[in-house]
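Report on the following structure.
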Amino acid sequence: MAHTRKKLRKLPGWIGIGIITLLNTIWLYWGLGEAFYEGWGVPDTPWFLFLSIAAVAILFSLAAIRWPYVGGGILIAAGIAFAVWWLVPGIQSGFYSLGIALERLLLSGGFTLVGALFILDAKINPRPTEDDRPWVKKHLRTLLAVGIPLLTGLVVAAYNLPTVLTRVDDGDRSARLIEGNGVALIWAPKGPGWNLKRDFGGYPSWRSLATYGLEVQGLETDINATEADMAATSVCVYLSEDGKILMNEPQYIWRMPTVDEIARSLSRHGVNAGCTWDGETGRMDCDLTPDKETPLWAPDEPPVYFWTANAYDDEDAYYVSYTGFVSHQPKTWGNPRHGYRCVRDP
949 MAHTRKKLRK LPGWIGIGII TLLNTIWLYW GLGEAFYEGW GVPDTPWFLF
999 LSIAAVAILF SLAAIRWPYV GGGILIAAGI AFAVWWLVPG IQSGFYSLGI
1049 ALERLLLSGG FTLVGALFIL DAKINPRPTE DDRPWVKKHL RTLLAVGIPL
1099 LTGLVVAAYN LPTVLTRVDD GDRSARLIEG NGVALIWAPK GPGWNLKRDF
1149 GGYPSWRSLA TYGLEVQGLE TDINATEADM AATSVCVYLS EDGKILMNEP
1199 QYIWRMPTVD EIARSLSRHG VNAGCTWDGE TGRMDCDLTP DKETPLWAPD
1249 EPPVYFWTAN AYDDEDAYYV SYTGFVSHQP KTWGNPRHGY RCVRDP
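Structure below.
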(Lines of atoms letter the chains of each structure in order from A and count residues from 1; the text may use other names and numbers.)
(Lines give C-alpha, C1' and ligand atoms only; values in the text may rest on other atoms or scores of the structure.)
Protein backbone atom coordinates (compact mmCIF):
# COMPACT_ATOMS: atom_id res chain seq x y z
CA MET A 1 0.00 0.00 0.00
CA ALA A 2 2.80 2.39 0.92
CA HIS A 3 4.56 1.57 -2.35
CA THR A 4 1.38 2.33 -4.30
CA ARG A 5 0.92 5.65 -2.52
CA LYS A 6 4.52 6.56 -3.31
CA LYS A 7 3.94 5.93 -7.00
CA LEU A 8 0.71 7.92 -6.98
CA ARG A 9 2.49 10.88 -5.37
CA LYS A 10 4.89 10.95 -8.29
CA LEU A 11 2.10 10.94 -10.85
CA PRO A 12 1.58 14.76 -11.09
CA GLY A 13 5.25 15.34 -11.86
CA TRP A 14 5.39 12.70 -14.58
CA ILE A 15 2.12 13.89 -16.12
CA GLY A 16 3.63 17.37 -16.20
CA ILE A 17 6.77 16.03 -17.87
CA GLY A 18 4.66 14.21 -20.45
CA ILE A 19 2.67 17.34 -21.30
CA ILE A 20 5.67 19.68 -21.43
CA THR A 21 7.57 17.20 -23.60
CA LEU A 22 4.62 17.10 -26.00
CA LEU A 23 4.29 20.90 -26.05
CA ASN A 24 8.02 21.46 -26.55
CA THR A 25 8.03 18.92 -29.38
CA ILE A 26 5.00 20.43 -31.11
CA TRP A 27 6.33 23.98 -30.91
CA LEU A 28 9.81 23.05 -32.13
CA TYR A 29 8.31 20.96 -34.95
CA TRP A 30 6.05 23.86 -35.95
CA GLY A 31 8.79 26.47 -35.59
CA LEU A 32 11.30 24.59 -37.72
CA GLY A 33 8.65 23.77 -40.31
CA GLU A 34 7.71 27.45 -40.61
CA ALA A 35 11.36 28.52 -40.55
CA PHE A 36 12.14 26.37 -43.57
CA TYR A 37 8.82 27.02 -45.33
CA GLU A 38 8.47 30.78 -44.79
CA GLY A 39 11.62 32.20 -43.25
CA TRP A 40 14.57 30.65 -45.07
CA GLY A 41 16.49 33.21 -47.10
CA VAL A 42 14.05 36.05 -46.30
CA PRO A 43 15.77 39.02 -44.59
CA ASP A 44 12.41 40.47 -43.46
CA THR A 45 11.64 37.37 -41.39
CA PRO A 46 14.87 35.56 -40.38
CA TRP A 47 14.30 31.83 -39.94
CA PHE A 48 15.44 31.76 -36.31
CA LEU A 49 12.56 34.03 -35.25
CA PHE A 50 10.18 31.13 -35.89
CA LEU A 51 11.98 29.16 -33.16
CA SER A 52 11.35 31.75 -30.45
CA ILE A 53 8.26 30.07 -28.93
CA ALA A 54 9.99 26.69 -28.77
CA ALA A 55 13.16 28.22 -27.32
CA VAL A 56 11.25 30.06 -24.59
CA ALA A 57 9.14 26.97 -23.83
CA ILE A 58 12.22 24.77 -23.44
CA LEU A 59 13.97 27.40 -21.30
CA PHE A 60 10.95 27.76 -19.01
CA SER A 61 10.54 23.99 -18.74
CA LEU A 62 14.20 23.63 -17.71
CA ALA A 63 13.65 26.28 -15.05
CA ALA A 64 10.54 24.49 -13.79
CA ILE A 65 12.35 21.15 -13.59
CA ARG A 66 15.28 22.71 -11.72
CA TRP A 67 13.28 25.09 -9.49
CA PRO A 68 9.68 23.78 -9.42
CA TYR A 69 8.13 26.61 -7.42
CA VAL A 70 9.71 29.52 -9.28
CA GLY A 71 9.77 27.83 -12.68
CA GLY A 72 6.26 26.47 -12.21
CA GLY A 73 5.02 29.95 -11.40
CA ILE A 74 6.67 31.28 -14.55
CA LEU A 75 4.97 28.57 -16.63
CA ILE A 76 1.58 29.39 -15.08
CA ALA A 77 1.92 33.10 -15.83
CA ALA A 78 3.37 32.54 -19.30
CA GLY A 79 0.63 30.07 -20.22
CA ILE A 80 -2.14 32.46 -19.18
CA ALA A 81 -0.54 35.40 -21.00
CA PHE A 82 0.08 33.32 -24.12
CA ALA A 83 -3.50 32.02 -24.19
CA VAL A 84 -4.98 35.50 -23.79
CA TRP A 85 -2.69 36.99 -26.46
CA TRP A 86 -3.32 34.16 -28.92
CA LEU A 87 -6.98 33.33 -28.35
CA VAL A 88 -8.88 36.48 -27.43
CA PRO A 89 -8.48 38.41 -30.74
CA GLY A 90 -9.48 35.37 -32.80
CA ILE A 91 -12.49 34.59 -30.63
CA GLN A 92 -13.66 38.22 -30.65
CA SER A 93 -13.46 38.36 -34.44
CA GLY A 94 -15.22 34.99 -34.81
CA PHE A 95 -12.24 33.62 -36.74
CA TYR A 96 -11.87 30.48 -34.58
CA SER A 97 -14.22 27.53 -34.56
CA LEU A 98 -14.72 25.71 -31.25
CA GLY A 99 -12.31 22.98 -32.30
CA ILE A 100 -9.56 25.43 -33.25
CA ALA A 101 -10.09 27.41 -30.04
CA LEU A 102 -9.75 24.28 -27.89
CA GLU A 103 -6.67 23.16 -29.81
CA ARG A 104 -4.97 26.52 -29.34
CA LEU A 105 -6.02 26.63 -25.69
CA LEU A 106 -4.12 23.37 -25.15
CA LEU A 107 -1.04 24.61 -27.03
CA SER A 108 -0.90 27.83 -25.00
CA GLY A 109 -2.75 27.30 -21.72
CA GLY A 110 -1.21 23.83 -21.43
CA PHE A 111 1.89 25.51 -20.00
CA THR A 112 -0.24 26.76 -17.10
CA LEU A 113 -1.36 23.21 -16.30
CA VAL A 114 2.24 21.99 -16.41
CA GLY A 115 3.35 24.74 -14.02
CA ALA A 116 0.64 23.77 -11.54
CA LEU A 117 1.59 20.08 -11.78
CA PHE A 118 5.27 20.86 -11.16
CA ILE A 119 4.43 22.92 -8.07
CA LEU A 120 2.14 20.15 -6.77
CA ASP A 121 4.86 17.58 -7.40
CA ALA A 122 7.41 19.64 -5.47
CA LYS A 123 5.00 19.99 -2.57
CA ILE A 124 4.20 16.29 -2.17
CA ASN A 125 7.65 15.01 -3.20
CA PRO A 126 10.31 17.16 -1.47
CA ARG A 127 13.70 16.67 -3.06
CA PRO A 128 16.41 15.03 -0.97
CA THR A 129 19.47 17.13 -0.19
CA GLU A 130 21.64 14.43 -1.73
CA ASP A 131 20.78 12.31 -4.76
CA ASP A 132 23.01 9.30 -5.38
CA ARG A 133 21.01 7.90 -8.29
CA PRO A 134 22.75 7.25 -11.63
CA TRP A 135 23.13 10.34 -13.84
CA VAL A 136 20.49 9.21 -16.34
CA LYS A 137 17.84 8.63 -13.68
CA LYS A 138 18.75 11.87 -11.94
CA HIS A 139 18.27 13.88 -15.15
CA LEU A 140 15.61 11.75 -16.84
CA ARG A 141 12.98 14.50 -16.74
CA THR A 142 15.32 16.95 -18.43
CA LEU A 143 16.35 14.38 -21.02
CA LEU A 144 12.70 13.76 -21.91
CA ALA A 145 11.53 17.40 -21.90
CA VAL A 146 14.47 18.59 -24.00
CA GLY A 147 15.92 15.53 -25.71
CA ILE A 148 12.78 14.34 -27.50
CA PRO A 149 12.01 17.80 -28.97
CA LEU A 150 15.63 18.20 -30.11
CA LEU A 151 15.63 14.78 -31.76
CA THR A 152 12.41 15.72 -33.54
CA GLY A 153 14.03 18.97 -34.63
CA LEU A 154 17.01 17.13 -36.07
CA VAL A 155 14.69 14.96 -38.17
CA VAL A 156 12.81 18.02 -39.46
CA ALA A 157 16.08 19.78 -40.29
CA ALA A 158 17.51 16.74 -42.05
CA TYR A 159 14.37 16.50 -44.19
CA ASN A 160 14.24 20.20 -45.18
CA LEU A 161 17.86 21.31 -45.43
CA PRO A 162 18.60 19.56 -48.75
CA THR A 163 15.72 21.49 -50.33
CA VAL A 164 16.50 24.98 -49.06
CA LEU A 165 20.27 24.64 -49.51
CA THR A 166 19.85 23.80 -53.20
CA ARG A 167 17.13 26.38 -53.89
CA VAL A 168 17.62 28.24 -57.18
CA ASP A 169 17.63 32.05 -57.28
CA ASP A 170 19.14 33.65 -60.37
CA GLY A 171 18.51 37.15 -58.97
CA ASP A 172 16.51 38.20 -62.04
CA ARG A 173 13.35 40.10 -61.05
CA SER A 174 12.48 41.32 -64.54
CA ALA A 175 9.50 40.18 -66.64
CA ARG A 176 9.93 36.46 -67.29
CA LEU A 177 8.55 34.17 -69.95
CA ILE A 178 7.63 30.84 -68.35
CA GLU A 179 6.68 28.02 -70.70
CA GLY A 180 5.70 24.43 -70.10
CA ASN A 181 2.90 22.06 -69.16
CA GLY A 182 0.55 23.57 -71.74
CA VAL A 183 0.94 27.25 -70.83
CA ALA A 184 3.19 30.12 -71.91
CA LEU A 185 2.90 33.39 -70.01
CA ILE A 186 4.99 36.47 -69.33
CA TRP A 187 5.07 37.22 -65.60
CA ALA A 188 5.30 40.83 -64.42
CA PRO A 189 8.60 42.37 -63.31
CA LYS A 190 9.26 43.62 -59.80
CA GLY A 191 6.99 46.58 -59.12
CA PRO A 192 3.25 47.22 -58.91
CA GLY A 193 2.51 44.02 -60.81
CA TRP A 194 4.45 41.76 -58.48
CA ASN A 195 4.17 41.86 -54.70
CA LEU A 196 3.66 45.59 -54.20
CA LYS A 197 4.17 45.90 -50.44
CA ARG A 198 1.73 48.00 -48.42
CA ASP A 199 2.50 50.43 -45.58
CA PHE A 200 1.57 47.84 -42.94
CA GLY A 201 4.33 45.52 -44.17
CA GLY A 202 2.08 43.07 -45.96
CA TYR A 203 0.59 42.80 -49.43
CA PRO A 204 -2.83 43.75 -50.84
CA SER A 205 -5.84 41.58 -50.16
CA TRP A 206 -7.65 39.88 -53.04
CA ARG A 207 -10.45 42.44 -52.72
CA SER A 208 -8.02 45.37 -52.85
CA LEU A 209 -6.34 43.95 -55.93
CA ALA A 210 -9.64 43.29 -57.71
CA THR A 211 -11.25 46.67 -57.01
CA TYR A 212 -8.23 48.88 -57.66
CA GLY A 213 -9.97 50.78 -60.45
CA LEU A 214 -13.46 51.02 -58.94
CA GLU A 215 -14.73 54.44 -57.84
CA VAL A 216 -11.74 56.10 -56.13
CA GLN A 217 -8.67 54.57 -57.69
CA GLY A 218 -6.38 52.87 -55.18
CA LEU A 219 -5.96 49.89 -52.91
CA GLU A 220 -8.05 51.23 -50.00
CA THR A 221 -11.66 50.12 -50.49
CA ASP A 222 -14.56 48.42 -48.71
CA ILE A 223 -16.29 47.38 -51.94
CA ASN A 224 -17.12 43.70 -52.32
CA ALA A 225 -15.15 42.02 -55.10
CA THR A 226 -15.96 39.38 -57.70
CA GLU A 227 -14.10 37.53 -60.44
CA ALA A 228 -15.57 40.02 -62.89
CA ASP A 229 -13.98 42.86 -60.92
CA MET A 230 -10.65 41.06 -60.95
CA ALA A 231 -10.85 40.83 -64.74
CA ALA A 232 -12.08 44.39 -65.33
CA THR A 233 -10.67 46.67 -62.63
CA SER A 234 -7.77 44.88 -60.94
CA VAL A 235 -4.40 46.48 -60.40
CA CYS A 236 -3.08 44.24 -63.18
CA VAL A 237 -5.19 45.83 -65.92
CA TYR A 238 -3.71 49.25 -65.10
CA LEU A 239 -0.13 48.12 -65.71
CA SER A 240 1.83 49.66 -68.56
CA GLU A 241 2.97 47.40 -71.37
CA ASP A 242 6.34 46.80 -69.72
CA GLY A 243 4.61 46.10 -66.39
CA LYS A 244 6.65 48.66 -64.48
CA ILE A 245 4.17 51.47 -63.77
CA LEU A 246 0.46 51.91 -63.11
CA MET A 247 -1.40 53.96 -65.72
CA ASN A 248 -4.35 56.28 -65.09
CA GLU A 249 -6.61 54.26 -67.38
CA PRO A 250 -7.08 50.49 -67.82
CA GLN A 251 -4.71 49.00 -70.40
CA TYR A 252 -6.03 45.41 -70.37
CA ILE A 253 -2.62 44.02 -71.21
CA TRP A 254 -1.94 42.28 -67.93
CA ARG A 255 -4.28 40.22 -65.76
CA MET A 256 -4.29 38.03 -62.67
CA PRO A 257 -3.37 34.38 -63.39
CA THR A 258 -5.81 31.55 -62.71
CA VAL A 259 -5.20 28.69 -60.29
CA ASP A 260 -4.51 26.36 -63.21
CA GLU A 261 -2.02 28.76 -64.82
CA ILE A 262 -0.01 29.11 -61.62
CA ALA A 263 -0.15 25.35 -61.10
CA ARG A 264 1.19 24.64 -64.59
CA SER A 265 3.99 27.21 -64.13
CA LEU A 266 5.42 25.80 -60.89
CA SER A 267 8.93 24.40 -61.17
CA ARG A 268 11.95 23.04 -59.35
CA HIS A 269 15.58 23.54 -60.40
CA GLY A 270 14.46 24.95 -63.75
CA VAL A 271 12.25 21.95 -64.57
CA ASN A 272 8.47 22.27 -64.82
CA ALA A 273 6.90 20.41 -61.88
CA GLY A 274 4.08 19.00 -64.00
CA CYS A 275 1.34 20.15 -61.62
CA THR A 276 -2.32 20.20 -62.65
CA TRP A 277 -5.34 21.44 -60.74
CA ASP A 278 -8.44 19.25 -60.49
CA GLY A 279 -10.66 21.98 -59.08
CA GLU A 280 -10.30 20.81 -55.48
CA THR A 281 -8.42 22.29 -52.54
CA GLY A 282 -5.40 20.50 -51.14
CA ARG A 283 -2.13 19.32 -52.62
CA MET A 284 -2.12 19.09 -56.40
CA ASP A 285 -0.85 16.17 -58.43
CA CYS A 286 2.69 17.03 -59.55
CA ASP A 287 5.44 15.08 -61.25
CA LEU A 288 7.89 16.56 -58.74
CA THR A 289 7.48 18.78 -55.70
CA PRO A 290 7.88 22.43 -56.78
CA ASP A 291 9.87 24.94 -54.75
CA LYS A 292 10.13 28.67 -54.11
CA GLU A 293 12.50 29.37 -56.98
CA THR A 294 12.99 31.77 -59.86
CA PRO A 295 11.73 32.51 -62.42
CA LEU A 296 8.26 32.36 -60.81
CA TRP A 297 8.99 33.22 -57.18
CA ALA A 298 11.29 35.63 -55.36
CA PRO A 299 13.04 33.39 -52.79
CA ASP A 300 14.23 36.38 -50.75
CA GLU A 301 10.74 37.87 -50.27
CA PRO A 302 8.09 36.87 -47.69
CA PRO A 303 5.21 35.71 -49.98
CA VAL A 304 4.85 31.94 -50.15
CA TYR A 305 1.38 32.10 -51.74
CA PHE A 306 0.04 33.81 -54.86
CA TRP A 307 -3.52 35.07 -55.08
CA THR A 308 -5.33 33.87 -58.21
CA ALA A 309 -8.04 35.26 -60.48
CA ASN A 310 -10.48 32.66 -59.16
CA ALA A 311 -13.00 33.27 -56.38
CA TYR A 312 -13.94 30.33 -54.18
CA ASP A 313 -17.28 31.89 -53.19
CA ASP A 314 -18.64 35.32 -52.28
CA GLU A 315 -16.32 35.62 -49.29
CA ASP A 316 -13.16 33.66 -50.18
CA ALA A 317 -10.68 33.49 -53.06
CA TYR A 318 -8.17 30.84 -54.10
CA TYR A 319 -4.43 31.02 -53.56
CA VAL A 320 -1.59 28.68 -54.54
CA SER A 321 1.52 27.89 -52.49
CA TYR A 322 4.97 27.37 -53.96
CA THR A 323 4.79 23.72 -52.89
CA GLY A 324 1.75 23.03 -55.08
CA PHE A 325 -0.98 23.40 -52.46
CA VAL A 326 -4.31 25.08 -53.27
CA SER A 327 -6.59 26.59 -50.65
CA HIS A 328 -8.74 29.67 -50.07
CA GLN A 329 -8.84 32.61 -47.68
CA PRO A 330 -11.17 35.56 -47.12
CA LYS A 331 -10.95 38.11 -49.92
CA THR A 332 -10.16 40.76 -47.32
CA TRP A 333 -7.05 38.86 -46.19
CA GLY A 334 -3.86 40.85 -46.68
CA ASN A 335 -0.65 39.79 -44.96
CA PRO A 336 3.10 39.27 -45.54
CA ARG A 337 2.56 35.73 -46.86
CA HIS A 338 -0.03 36.30 -49.61
CA GLY A 339 1.54 37.95 -52.65
CA TYR A 340 0.50 38.18 -56.29
CA ARG A 341 2.03 38.43 -59.76
CA CYS A 342 0.29 39.64 -62.89
CA VAL A 343 0.64 37.90 -66.26
CA ARG A 344 0.12 38.60 -69.95
CA ASP A 345 0.27 36.60 -73.13
CA PRO A 346 3.62 36.52 -74.97
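Add 948 to the 1-based position in the sequence shown for my numbering, that's all there is to it.
Backbone N, C-alpha and C define an ideal beta-carbon position, used for all residues, glycine too.
Bear in mind the structure is a predicted one, so any value in this text is a computation, not a measurement.
In the same chain as ARG1289, and ignoring 5 residues on each side of it, the C-beta atoms closer than 8 Å to its own belong to TRP1135, ALA1136, GLY1141, TRP1142, ASN1143, PRO1205, LEU1244 and PHE1254, in chain order.
DSSP places THR1229 outside any beta strand (DSSP E), giving it a letter other than H or E. The three-state reading of DSSP puts SER1182 in coil, since its state is none of H, G, I, E or B.
Sequence-distant partners of LEU1236 (beyond 5 residues in either direction) whose C-beta falls short of 8 Å from its own C-beta, in its chain, are ARG1216, VAL1219, ALA1221 and GLY1222. Of the candidates TYR1266, LYS1240, TRP1281 and GLY1287, the residue whose Cα lies closest to the Cα of ASP1118 is LYS1240. If you compare the alpha carbons of THR1077, GLU1078, LEU1091 and ARG1115 with that of GLY989, the shortest gap goes to ARG1115. A distance below 8 Å separates the beta carbons of PHE984 and ASN1108. By the 16-neighbour rule on beta-carbons within 10 angstroms, SER1122 is exposed. Judged by DSSP secondary structure, ASN1073 falls outside any beta strand (DSSP E); it is assigned neither H nor E. Counting only runs of at least 4 residues, the stretch 960 to 1018 fully encloses the following alpha helix (DSSP H) elements, listed from N- to C-terminal order: 1000 to 1014.
Residue range 1207 to 1213 is occupied by the alpha helix (DSSP H) that includes ARG1212.
In this structure the stretch 1090 to 1102 lies against the stretch 960 to 972, because at least three pairs of beta carbons, one per stretch, are closer than 8 Å. In the structure shown, VAL1252 falls within a coil segment according to DSSP collapsed to helix, strand and coil. Pairing LEU999 with GLY979 gives a Cβ-Cβ distance under 8 Å. Taking the CA atoms as reference points, ALA1070 sits about 26 Å from ILE974. In this structure, GLU1175 and VAL1291 do not form a Cβ contact; the two beta carbons are roughly 16 Å apart against a cut-off of 8 Å. At least 8 Å separates the beta-carbon of GLU986 from that of VAL1274. Fewer than three pairs of CB atoms, one per stretch, sit closer than 8 Å, so the stretch 1046 to 1057 makes no contact with the stretch 1010 to 1024. With distances taken between CA atoms, TYR1160 lies nearest to ASN1196 out of GLY1272, ASN1196 and LEU1133.
By the Cβ neighbour-count rule, PHE996 is exposed, with fewer than 16 other Cβ atoms within 10 Å of its own.
CA-CA distance, ALA1257 to LYS1145, rounds to 19 Å. Per DSSP, the continuous alpha helix (DSSP H) segment holding TYR1107 begins and ends at 1096 to 1113.
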